[in-house]
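Peer 1: In our numbering, the protein residues as written are 232 to 550. For every residue, glycine included, the Cβ atom is placed at its ideal position computed from N, Cα and C. For clarity, every value in this text was computed on a predicted model and none was experimentally measured.
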Amino acid sequence: MQKNISALVDIGGTKILILLAAPGRKVLFREKYSTPREREPHAMAAALSASLSQALENSGVLRDDLAGLGICIAALVDYHKGVIYQAPNLGWFEPVPFRDMLQKEWPCPVLIENDANAAVVGEVYYGAARGHRDVIYVTVSTGIGGGLFLDGKLYRGCSGFAGEIGHIKPFGQGRQCNCGGMDCLEAWAAGTAIARRAAALMGDETKNRGEVNTAWVFDQAEAGNPRARALIAETGVTLGIGLANLVTLLNPSCLVVGGGVAGNRASFLAQVWEQVKKSAIAPAVEVTRPMLVAAELEPEAGIWGMYALMNNELKTGGL
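Set out below in structure tokens:
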């Protein structure tokens with residue numbers, strides 16, 4: 232019996248995506264489920280196992296067909312231990328041995344990875360960063376996350392926590408971040424920060440809209456609204472300075488930007504790139520000539536990164 236089917240899961244704060252893939256990235260099953268309201272870790276593991284079992288039944292795949300189970304999640308993850316240390320979207324702030332919980336139900340190899348780490352692998356293997364060995368991936372949505380692929384390898388750091396780009400602190404202007412820290416990049420350039428600033432600066436234009444969202448601010452900027460354009464320009468400078476610091480530090484050949492806020496906004500990415508060129512050390516731009524591109528695999532970059540990680544883990548023992 233061939234164990235060649237990968238079960239791939241992306242756990243988000245509101246949705247869980249489950250995908251079953253055969254060799255050659257052939258999709259056998261793809262479905263989104265609501266993230267369970269019960270966020271206690273054992274209850275979450277049980278609910279995920281139930282959804283996976285339903286996916287196998289619906290697709291006609293047997294448990295014995297599974298090569299492995301790969302899970303990505305917006306969290307601080309020790310990949311080698313299978314422990315989730317923090318998952319704010321799920322309300323987890325103590326270590327959770329999630330792999331061990333799932334391993335009791337699923338005897339195949341179980342891999343757990345930070346979602347942005349998985350996404351950079353997906354973009355390197357199958358997406359916008361193919362052919363590059365030194366890549367910075369940043370996702371700008373509700374928050375800001377990042378993944379680092381350096382010298383041909385995923386860079387996790389000592390405990391698996393590398394790449395938390397949203398919590399670098401390039402400014403000193405006293406703005407609090409959701410993490411509890413001050414002046415994180417996320418507090419200035421993430422979707423929630425843009426919407427909050429818009430509500431403050433464009434109050435007369437937003438008071439009848441109810442909740443202000445980032446897409447509306449971008450649409451207003453692209454339509455020529457001067458205050459929205461100024462706000463988006465300011466955000467581009469902020470994000471560009473943050474990325475320029477990483478370009479100076481890590482000397483990548485490719486920067487990939489994804490996420491619902493910035494990934495599909497060509498004019499905004501152009502503003503970000505102009506600031507990167509102004510702020511990074513000159514040789515890292517002029518000699519290396521890095522490229523800044525939009526992610527290609529959204530919203531499944533993490534899923535396909537887990538597919539690549541699974542294949543490498545089974546063949547060589549890791550990436």
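Could you check whether Leu523 and Val507 sit closer than 8 Å to each other, using their CB atoms as the reference points?
Peer 2: Yes, these two residues count as a Cβ contact at 8 Å.
Peer 1: Once the 5 residues before and after Ser510 are set aside, which same chain residues still bring their CB inside 6 Å of it?
Peer 2: Here the set comprises Ile472, Ala475.
Peer 1: Answer yes or no: do Ala493 and Ala350 have a C-beta to C-beta separation smaller than 8 Å?
Peer 2: Not in contact: Ala493 and Ala350 (Cβ atoms no closer than 8 Å).
Peer 1: Just mark Cys389 as buried or exposed, buried being the case when its beta carbon has 16 or more other beta carbons within 10 Å.
Peer 2: Counting Cβ neighbours within 10 Å, Cys389 comes out exposed, since fewer than 16 surround it.
Peer 1: Considering only residues of the same chain and omitting the five flanking positions on each side of Asn348, which have a CB-CB separation below 7 Å?
Peer 2: Answer for Asn348: Gly378, Leu385, Arg387, Gly394, listed in chain order.
Peer 1: Give me the Cα-Cα distance between Pro272 and Gly358, rounded to the nearest whole angstrom.
Peer 2: Distance between the alpha carbons of Pro272 and Gly358 is about 33 Å.
Peer 1: Please list the segments of the beta strand (DSSP E) lying wholly inside the segment 318-376, counting only runs of 3 or more residues, in order along the chain.
Peer 2: Within the segment 318-376, the complete beta strand (DSSP E) runs of at least 3 residues are 341-345, 366-371.
Peer 1: Under 8 Å by Cβ, that's how I've got Leu416 and Leu462 pegged, so tell me the actual separation to the nearest angstrom.
Peer 2: At roughly 16 Å, the Cβ-Cβ gap does not stay under 8 Å, so Leu416 and Leu462 are not in contact.
Peer 1: For Ala452, I'd like the list of residues in its chain whose CB is within less than 6 Å of its CB, leaving aside the five on either flank, ordered along the chain.
Peer 2: Excluding sequence neighbours, Ala452 sits near Ala459, Arg460, Ile463.
Peer 1: CA-CA distance, Asn543 and Glu436?
Peer 2: Each residue's Cα considered, the two are about 52 Å apart.
Peer 1: Mind checking whether Ala298 and Ser237 have CB atoms under 8 Å apart?
Peer 2: For Ala298 and Ser237, yes; Cβs fall inside 8 Å.
Peer 1: Helix, strand or coil for Lys246 per DSSP?
Peer 2: Strand.
Peer 1: Around the C-beta of Val518, are 16 or more other C-beta atoms found within 10 angstroms, so that it is buried, or is it exposed?
Peer 2: Answer is exposed; the Cβ neighbour count stays below 16.
Peer 1: I'd like the list of long-range same chain contacts for Thr466, defined as Cβ closer than 7 Å, with 5 residues on each side in sequence excluded.
Peer 2: Cβ within range, chain order: Ala420, Ile425.
Peer 1: Helix, strand or coil: how does DSSP classify Lys257 here?
Peer 2: Of the three classes helix, strand and coil, the one that applies to Lys257 here is strand, per DSSP.
Peer 1: Using alpha carbons as the reference points, say which of Glu269, Leu486, Thr245 lies closest to Lys263.
Peer 2: The shortest C-alpha separation from Lys263 is found at Thr245.
Peer 1: For Ile375, which residues in the same chain have their Cβ closer than 7 Å to its Cβ, ignoring the five residues on either side in sequence?
Peer 2: For Ile375, where only same-chain residues beyond five positions count, the Cβ hits under 7 Å are Val369, Ile396, Gly397, Leu416, Glu417, Ala420, Ala421.
Peer 1: Taking C-alpha atoms, which residue in Leu333, Ala278, Gln317 lies nearest to Thr553?
Peer 2: Coverage of the chain is limited to positions 232 through 550, which leaves residue 553 absent and any answer about it impossible.
Peer 1: In angstroms with no decimal places, state the Cα-to-Cα distance between Lys400 and Val478.
Peer 2: Taking the straight line joining both Cα atoms gives about 15 Å.
Peer 1: Would you tell me roughly how many angstroms separate the C-alpha atoms of Ile367 and Val487, rounded to the nearest one?
Peer 2: Rounded to whole angstroms, Ile367 to Val487 spans 6 Å at the Cα level.
Peer 1: What's the gap between the Cα of Ala423 and the Cα of Gly491?
Peer 2: What sits at residue 423 in the sequence shown is Thr, not Ala. The alpha-carbon atoms of Thr423 and Gly491 are separated by roughly 12 Å.
Peer 1: Take Phe380 and list the residues in its own chain whose beta-carbon comes closer than 6 Å to its own, dropping the five residues that flank it on each side.
Peer 2: Correct list, in chain order: Val351, Val355, Val366.
Peer 1: Counting only C-beta atoms, is Tyr368 closer than 8 Å to chain B at any point?
Peer 2: In the structure shown, chain B cannot be found, because there is only a single protein chain.
Peer 1: Does the beta-carbon of His363 have 16 or more other beta-carbons within 10 angstroms, so that it is buried, or is it exposed?
Peer 2: By the 10 Å Cβ count, His363 comes out buried.
Peer 1: If you draw a straight line from the C-alpha of Glu344 to the C-alpha of Ala430, how long is it?
Peer 2: Glu344 and Ala430: Cα-Cα distance of roughly 35 Å.
Peer 1: I'd like to know whether the C-beta atoms of Phe329 and Ala276 end up nearer to each other than 8 Å.
Peer 2: The answer is yes: Cβ separation under 8 Å.
Peer 1: Leaving out five residues on either side along the sequence, give the residues of the same chain with a beta carbon under 6 Å from the beta carbon of Val327.
Peer 2: Excluding residues within five positions, the ones whose Cβ falls inside 6 Å are Pro272, Ile315.
Peer 1: For Asp295, which beta-bridge partners are listed by DSSP?
Peer 2: Partner(s): none; Asp295 has no beta bridge.
Peer 1: Taking Arg268 as the reference, which of Ile304, Trp535, Gly322 has the closest Cα?
Peer 2: That would be Gly322, whose Cα lies nearest to the Cα of Arg268.
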